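The sequence shown lines up with residues 1 to 121 when you count with UniProt numbering.
Glycine included, every Cβ here is placed at the ideal spot set by N, Cα and C.
A quick note: this is a predicted structure, and the numbers were derived from the prediction, not measured.
See below for the structure under consideration.
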Amino acid sequence: NATIAYLEKPGIDEEPQQCSLRYEDAYQYQNIFGPLVKMEADDDRKIKESQTQENISVRWDMGLNKKRLAYFCLPKANEEMRLMPGDELRLRYVGDQMKSAWAGVGHVVKVPNNYGEEVGI
């Protein structure tokens with residue numbers, strides 16, 4: 001979905017500098033690795049945003065440690081997402097007339113083995 005204006009932005013077609021085995025100083029190191037780290041962070045953000053799923057049903061439970069657990073099915077989990085225990089997921093409820101919006105972050109504690117099984121965070 002690139003437009004002409006996007007392609008005319010300065011620096012859009014520039015390749016990042018190549019890494020060296022040795023650097024003259026910390027400034028040179030930062031100038032080479034800074035853009036690479038930013039590009040990787042932008043790429044990770046785009047991947048995470050593309051994996052957003054809406055309209056899922058959540059089942060709440062209480063763990064043995066008295067913390068809330070959320071269980072839900074991700075229909076695209078086996079196809080596109082590779083979930084591992086410890087991965088961070090965000091649950092978000094946009095709210096309605098009865099209840100206010102809510103968001104929370106949790107770590108995966110249960111990974112589905114088969115299609116249709118629940119993910120637990």
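When the distance is taken between beta carbons, is residue j closer than 7 Å to residue i?
{"i": "Leu69", "j": "Gly120", "result": "yes"}
{"i": "Arg82", "j": "Tyr71", "result": "no"}
{"i": "Val108", "j": "Pro85", "result": "yes"}
Run through the DSSP bridge pairs and tell me what residue i is partnered with.
{"i": "Cys73", "result": "Glu118"}
{"i": "Arg59", "result": "Tyr71"}
Where does residue i fall in DSSP's three states?
{"i": "residue 131", "result": "Outside the modelled stretch of the chain, which goes from 1 to 121, sits residue 131, for which no answer is possible."}
{"i": "Gly43", "result": "Note that residue 43 is Asp in the sequence shown here, rather than Gly. If DSSP states are grouped into helix, strand and coil, Asp43 belongs with the helices."}
{"i": "Lys48", "result": "helix"}
{"i": "Lys110", "result": "strand"}
{"i": "Gly95", "result": "coil"}
{"i": "Ala26", "result": "helix"}
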